[in-house]
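Have a look at the structure below before the remarks.
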Amino acid sequence: MINMNKLTAVAAAVTATLWCAANAAAVMDGTNITDVYGEVSTAQPKNTISDLGLFGSEVKSVESYSCEGVELTFIHDVQGNGGRSPFATIDISDGDENIYESESTITVKGIVTARGESLQKGFYLQDIELDGDSSTSDGIFVNMKTTAPAAIQPGAEVCVTAKVREFYNQTQLELSADTTKFEIINAEGAVPAATPFVVNDGETLDHALERYEGMKVVLDAGSKMKITRSFSYDFDARRNNMLASYNAPLVKATQLFMAGTDEAVAREAANRKNELYLESDFRAPNGVLPYMSDFNAETGYIRIGDQVTNLEGMVGYSFGHYRLIVGADENITVGDFIRNDDRTDVPAIASEGDLRIASFNVLNYFNDSVGGDASASGQNRGAENQFEFRLQREKIVNAIVSMNSDIVGLMEIENNGFGEKSAIQDLVNALNAELSDEDAYSFVTINTADMHNEKFFGSDAIMVGLLYRAAKVTPAGDALVIETPEQHAAAGVATRGEGDDVESSPAYDKIQRHSLAQTFTVEGGKLTVVVNHLKSKGSACLEDWLAFESERSDPEPADLQGHCNSFRVSAADAIGQALESVDGDVLIIGDLNAYGKEDPLQVLTDYNPLTHEGKVIKTAAHTTLGGEAFDQQQRIVTESYGYVNLNTKLHGADTFGYSFNGELGNLDHALANASLTDKVVAIEDWHINAVESNLFEYESGFTGKLVKSDNVFSSSDHDPVIVAIDLPESSKSSSGSLGFLSLALLSLFGLRRR
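According to mature numbering (1 follows the signal peptide of the UniProt record, and there is no 0), the stretch in the sequence shown is residues -24 to -1, 1 to 730, in order.
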């Protein structure tokens, strides 16, 4: 115990520091808070992410105080073993808030384990002696609403008198000018060692984190915490961070189960209870992982599925999520991650089968910023300068070369025609510069009559495309453009609500990208490859508005299928209809913007309303197809088209090639008809993108000084899907005039336009 003269001096310094903090300009990470969040208000806190890192700004001075002789309460008793502190019994919520407070103040004493200076402002206090009860936390956050006085440092022994507040499920000691008092008993002492974080058998991650709330913990090998979103920008928190989950990365519920089923609902709930955000206290500069100095695109990478060890931080809770807040002095290395599925420079499937077909979303491959033609819409969604474009092209070319596929379906390539200055020609030129004549690629073009303004493939800024090796396959007849439905709903065509709350719908004009089909002659017969890119899950359609799901702060509709699901169902139905008259083997590939068990996949594969009791799939209303009315009202789908999801058949439902908000799943698919399914020997999602940090992609606007790499990793945000097929033995061994005659006859059977 320090003497009273020194105590008085410390208390005076604390008082002065708090007064200055209250009257100084609030600054966070070098940015004025009001520049980011608008005018600061603490009267009605809301459970939104908008104030992450801002826990109020007004702090008044406190008087000199001593806790000698005051009855003390152990921190573990304040925390209790339930979801809310047993002391926080008074509901002070306003509206939809979730705030409880103790009736009177309590006094606790403990050791400071960390300071919170940005993300949460105050300090963390831990019982001097742990109680040995793993069901209760021995730590707590003291919310000062501003940076703690300089005298409060890790290792200091402090007693605090304050009210207990349960603030959106975080137990805090809440600073208040008229009730909060504290004393620094010993300014210098040993910092408590971090407690190993353990999830017990049978408990959720959420429950385990509640047991450690406010404590300093370490994630070690026994913690089994896996990365489920790599270090990248968090649009909710408006900062870069990572997301971890217990035991395994999260898988999207509708990748595994049909939308609306009890199983899908249960998996979604389980996923939300299995999330831990890994945060730095201060918002880091762009491209910097604050607690991993060797983070880089070549050797210092972190992939989804990696297990993190030796990472220490404070367990906090804010705005609906648990967070491990890592201190500024913490640093881990690549060696602290246990790899689950490390990088591979070449896909395992690259030499399998007699023929390989790939599907690859090339992440807005636009060349108009470097002299290419403008897109159909005039938009440039891709590289903004020569540096970005060259890097993107190198990464995409390296990836496609490594795939060693004979046919490649492309998505998100610029829709700027098929001429010398087109993006698809630019890509083929770059590919062929790296390949032998035998492996060189050509691309499929469409008839002028099928073009928009006699140049473009539809009116969107991006299009789908098809590359093929002329030495392996030969186009048979013209390419088939499969038009997809559009939604044109005038304002007021629908209403929602009841009584005085009835409102009329706004206008909706939605389009989807056309699909491209090409029949090829191959040894043994005909193969038709259909490349698709259906409507995205982002912007809303009429059906979302009707369900009150177009304006929600959470863009995920209740059925978890994203916006415009019925519109994608309409497209799937139109594609299935268009292919019914196509003979021979058929492979549907591309970005369907639907996970493995979602409605558009059900329509194309094996949906049967008789066996899927209670499941109703509907098309979108007010749609047209080729300028003709398609569905004026929503139509119930009564049958499917029988294609086989090759990934599911060969690997089960839990495959993935895309990651969104920390959940894995397949948006890119390969669906085969029965005759082709028998010839498929392998399918692979080559995990070069979905599990990587998007900071390694070609875009440089928000990556600071991070050095990029031309390797294949993060060449896009979607993994390529590659299918290997074996051709019939008879065709591989046949030769002479019969073989040539067969090919000649086959070439007569091109696709007939519908």
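The beta carbon of each residue, even a glycine, is placed where N, CA and C say it ideally should be. Note that the structure is predicted; figures quoted are calculated from it, not measured.
By the neighbour-count definition (other C-beta atoms within 10 Å, threshold 16), residue 584 is an exposed residue. With a threshold of 16 other beta carbon atoms within 10 Å, residue 333 meets it and is buried. In this structure, DSSP gives residue 494 an extended state, which the three-state scheme calls strand.
Assignment of residue 352 by DSSP, reduced to helix, strand and coil, places it in the coil class. The continuous beta strand (DSSP E) containing residue 445 extends over residues 438 to 445. Note that the stretch 484 to 500 touches the stretch 510 to 522; at least 3 beta-carbon pairs, one per stretch, sit closer than 8 Å.
Per DSSP, residue 54 is one residue of the alpha helix (DSSP H) stretching across 51 to 55. By the criterion of at least three beta-carbon pairs nearer than 8 Å, the stretch 571 to 578 is in contact with the stretch 620 to 628. Rounded to the nearest whole angstrom, the CA to CA distance from residue 98 to residue 260 is 19 Å. Non-local C-beta neighbours of residue 326 in its own chain, meaning closer than 6 Å and more than five positions away in sequence, comprise 380, ordered along the chain.
Following the DSSP letters along the chain, one finds residue 507 inside the beta strand (DSSP E) bounded by residues 501 to 509. Closest in C-alpha terms to residue 423, from the list 243, 444, 672 and 454, comes 454.
Residue 567 sits away from residue 616, with the two beta carbons spaced by 8 Å or more.
Taking C-beta atoms as the reference points, residue 512 and residue 458 fail to come closer than 8 Å. Residue 633 sits in coil when the DSSP states are folded into three classes, being neither helix nor strand. Excluding five sequence positions before and after residue 256, the CB atoms of its chain that fall closer than 7 Å to its own CB belong to 266, 267 and 302, given in chain order. Fewer than three Cβ pairs drawn from the stretch 647 to 658 and the stretch 186 to 197 lie within less than 8 Å of each other, which leaves the two stretches out of contact. Within its own chain, the residues whose Cβ lies closer than 8 Å to the Cβ of residue 75, once the five positions on either side in sequence are excluded, are 21, 67, 68, 69, 141, 142, 143 and 144, listed in chain order. In its chain, beyond the 5 residues on either side, 385, 565, 566, 644 and 697 have a beta carbon closer than 6 Å to the beta carbon of residue 335. Here residue 610 has 519, 542, 594, 595, 596 and 597 as same chain residues with Cβ atoms under 8 Å from its own Cβ, once five neighbours each way along the sequence are excluded.
Between the alpha carbons of residue 187 and residue 104 lies a distance of about 17 Å. For residue 49, the CB contacts under 6 Å within the same chain, skipping 5 residues up- and downstream, are 82 and 84 in chain order. Excluding its 5 nearest sequence neighbours in each direction, residue 372 has C-beta neighbours in its own chain below 6 Å: 338 and 691, listed in chain order. The three-state secondary structure of residue 624, taken from DSSP, is helix. Taking a cut-off of 8 Å on C-beta distances, the stretch 353 to 368 touches the stretch 676 to 692, as three or more cross pairs fall below it. By the neighbour-count criterion, in which a residue is buried when 16 or more other Cβ atoms sit within 10 angstroms of its Cβ, residue 409 is exposed.
Looking from the CA of residue 604, the closest CA among 646, 613, 460 and 552 belongs to 460. Within a 10 Å sphere around the beta-carbon of residue 245 sit fewer than 16 other beta-carbons, which makes this residue exposed.
Judged by DSSP secondary structure, residue 133 falls within the beta strand (DSSP E) whose first and last residues are 133 to 143. Just so you know, the alpha carbons of residue 444 and residue 505 end up roughly 11 Å apart.
For residue 654, there is no enclosing beta strand (DSSP E), as DSSP marks it with neither H nor E. Nearest to residue 428 by C-alpha distance, out of 352, 500, 251 and 89, is 352. Taking the C-beta atoms as reference points, residue 222 is found nearer than 8 Å to residue 175.
In this chain, the beta strand (DSSP E) harbouring residue 464 covers 462 to 465. Residue 668 and residue 225 have their alpha carbons spaced roughly 13 Å apart.
At a cut-off of 3 residues, the continuous stretches assigned as beta strand (DSSP E) that sit fully inside the stretch 362 to 421 are 383 to 390 and 417 to 419.
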